[in-house]
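Enquirer:
Chains as they are written, first to last, in the numbering used here: chain A, 44 to 161; chain B, 44 to 161; chain C, 44 to 161; chain D, 44 to 161.
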């Protein structure tokens, strides 16, 4: 057993934010016209939480087009439509984390990309 | 037992939309700066669904201010912060429905306000 | 314009409950072992809300099996996996409503099935 | 900048799970009778996800009693009602993490409690 340090806390916070984003916004009714606005709001919503340094959200327009119900003209936001890039700053530690759709595994993978000391 | 008519279907759709809005967006991390953007996105998201003629969403800024955590500067969207006014059009029937916070009952009440034939 | 009556209110409540159920529980991580338990909890959760007389929830085991990620052994609850049958009682009016997956439209349809006066 | 290691990955996964749990289940309509069942289902739902070794969820009965609407006899699950204890196992690393309500900060705090190598 070892002491919990700032790096652990920073990485933990990055995980919290991606898990929260996913389960808050997946299921939102969408069409292609509103993707830009929704991307910005998700960024703002996650960005107001503690330790978020920056965040970028992209929703895959082609997937939305394909999933839009032909009769009703909309679909729901799915995890695999999301590409999220997130920076957490905790004390002097910056963590870069990401969520993107892994086509081979058919799974929205979340991962830590980079850890830096300021 | 009686036949289900267009009025029933219109009223039913209005109920669906308000229930959906509530449980999709309550819990969203917010601060006062992003309320305007979030209101518009909720309107768009509910508006892409079938039979929605118009929708207006207002989030109570004062409640958000009061609920914002002093240390972390944000809170979560709660049902009682929402004032929603919705028009559903099904065939020739317009239903006006509403969600607003009933302070006395301490409850976010949803109700049908008006039903019109076009 | 016409007066809002008990039938309208009953039908409206049925819509609210189905919309709420959908957007609260869709996205829940599941595997086939826990479907029974989750069905009961969704029934209880919707059942504690006003005017719900009875509710039955069935999650499509075969769809879950097909969607379970082969590497990780789970998937998420989707709207099309849900078959819900709901009775609302408002004053003297009973409304029977339903959500089921319409394969042809590839859409989880919600509809009013029956309205009765007690 | 340093290499991402198993400890980072384990801690990151713990964060994901707590963020996911929170935003999936907060908002669920509840009364005191169904808390036990809901606790078990949340445990199962988070437990089917990768790398979860064990999880224990307790919902604060007294808070639920206080928040239950007197007229309607139910309330919604809130973050501050949740006490969650979670173990993640990634490769040879066990992370113990927790969510509990910090009364002083009026905030549902998530934290890493312990990191062990097996």
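No residue lacks a Cβ here, since even glycine has one placed at the ideal position from N, Cα and C.
Under 6 Å Cβ to Cβ from residue 152/A, same chain only, skipping five residues before and after it: list those, please.
Expert: Counting only Cβ-Cβ distances below 6 Å, and skipping sequence neighbours, we find 145.
Enquirer: Would a check of beta-carbon distances place residue 161/B closer than 8 Å to chain A?
Expert: No, its Cβ sits nowhere closer than 8 Å to a Cβ of chain A.
Enquirer: Given residue 116/D, which residues of its chain have a CB within under 8 Å of its CB, disregarding the five upstream and five downstream residues?
Expert: Within the same chain, residue 116/D has close Cβ partners 74.
Enquirer: Is the beta carbon of residue 101/B closer than 8 Å to that of residue 126/B?
Expert: The answer is yes: Cβ separation under 8 Å.
Enquirer: With residue 51/B as the anchor, note down where its alpha helix (DSSP H) starts and where it stops.
Expert: From DSSP, the alpha helix (DSSP H) with residue 51/B extends over 49-68.
Enquirer: Would you mind telling me which residues of chain B sit closer than 7 Å to residue 113/A, beta carbon to beta carbon, in chain order?
Expert: Going along chain B, no residue has its Cβ under 7 Å from residue 113/A, so there is no contact; the nearest lies around 13 Å.
Enquirer: Of all Cβ atoms in chain D, is any one closer than 8 Å to the Cβ of residue 153/A?
Expert: It does: the Cβ of residue 153/A has a partner Cβ on chain D nearer than 8 Å.
Enquirer: Check whether the Cβ atoms of residue 106/C and residue 124/C lie closer than 8 Å to each other.
Expert: Yes, they are a contact pair.
Enquirer: Between which two residues does the beta strand (DSSP E) holding residue 156/C run?
Expert: 150-160 is the extent of the beta strand (DSSP E) around residue 156/C.
Enquirer: Let me know if residue 30/A comes out buried or exposed under the rule of 16 or more other beta-carbons within 10 Å of its beta-carbon.
Expert: An answer regarding residue 30/A cannot be provided, because it is not within the stretch 44 to 161 covered by chain A.
Enquirer: Consider the Cβ of residue 81/C: report whether some Cβ of chain D lies at a distance smaller than 8 Å.
Expert: By this cut-off, residue 81/C is an interface position.
Enquirer: State the DSSP-derived secondary structure class of residue 125/A, mapped to helix, strand or coil.
Expert: It is a strand residue.
Enquirer: Starting from residue 106/C, trace the alpha helix (DSSP H) both ways and give me its first and last residue.
Expert: Note, residue 106/C: alpha helix (DSSP H), 104-110.
Enquirer: Listing by chain order, which chain C residues have their CB less than 9 Å from the CB of residue 144/B?
Expert: None at all; the shortest Cβ gap to chain C is about 16 Å.
Enquirer: For chain C, check one thing: does any of its Cβ atoms lie closer than 8 Å to the Cβ of residue 148/A?
Expert: Chain C, which has a Cβ nearer than 8 Å to the Cβ of residue 148/A, makes this yes.
Enquirer: Is the beta carbon of residue 167/D sitting closer than 8 Å to the one on residue 129/D?
Expert: With chain D covering only 44 through 161, there is no way to say anything about residue 167/D.
Enquirer: Let's see if you can read the secondary structure: which residues bound the alpha helix (DSSP H) around residue 82/D?
Expert: Looking at the DSSP string, the run of the alpha helix (DSSP H) that includes residue 82/D is 78-90.
Enquirer: So is residue 72/B buried or exposed if we call it buried at 16+ other beta carbons inside 10 Å?
Expert: It is buried - the Cβ of residue 72/B has at least 16 other Cβ atoms within 10 Å.
Enquirer: For residue 70/D, which residues in the same chain have their Cβ closer than 6 Å to its Cβ, ignoring the five residues on either side in sequence?
Expert: Answer for residue 70/D: 119, listed in chain order.
Enquirer: Under the three-state reduction of DSSP, which class applies to residue 71/A: helix, strand or coil?
Expert: Note: residue 71/A maps to coil in three-state DSSP.
Enquirer: Counting only C-beta atoms, is residue 59/B closer than 8 Å to chain F at any point?
Expert: Here chain F cannot be found, since the structure's protein chains are A, B, C and D.
Enquirer: Find out if the Cβ-Cβ distance for the pair residue 133/B, residue 52/B is shorter than 8 Å.
Expert: Cβ distance < 8 Å, so residue 133/B and residue 52/B count as in contact.
Enquirer: At 9 Å on the CB atoms, spell out the chain B contacts of residue 100/D, in chain order.
Expert: Chain B residues near residue 100/D: none, gap ~17 Å exceeds 9 Å.
Enquirer: Less than 8 Å between the CB atoms is what I'm expecting for residue 54/D and residue 68/A, so what's the real figure, rounded?
Expert: Contact doesn't hold; Cβ gap of about 24 Å is too wide.
Enquirer: According to DSSP, simplified to helix, strand and coil, what is residue 94/C?
Expert: Of the three classes helix, strand and coil, the one that applies to residue 94/C here is coil, per DSSP.
Enquirer: Quick one: Cα of residue 131/A to Cα of residue 131/B, how far?
Expert: Approximately 42 Å, taken between the alpha carbons.
Enquirer: Compute the Euclidean distance between the alpha carbons of residue 91/D and residue 110/A, then round it to the nearest angstrom.
Expert: Cα to Cα, the separation comes out at about 27 Å.
Enquirer: Between residue 133/A and chain D, is the shortest Cβ-Cβ distance under 8 Å, so that the two count as touching?
Expert: No - not a single Cβ of chain D is within 8 Å of the one on residue 133/A.
Enquirer: Can you give me the C-alpha to C-alpha distance between residue 154/B and residue 114/B, rounded to a whole angstrom?
Expert: The straight-line gap from Cα to Cα measures roughly 37 Å.
Enquirer: At the 8 Å Cβ level, is residue 123/B part of the contact set with chain C, yes or no?
Expert: No, because no Cβ of chain C sits closer than 8 Å to the Cβ of residue 123/B.
Enquirer: Express the C-alpha separation of residue 83/B and residue 79/C in angstroms, rounding to a whole number.
Expert: So the two alpha carbons sit approximately 38 Å from each other.
Enquirer: Look up residue 119/D in the DSSP assignment and give the residues it is bridged to.
Expert: Looking at the DSSP assignment, residue 119/D forms a beta bridge with 72/D.
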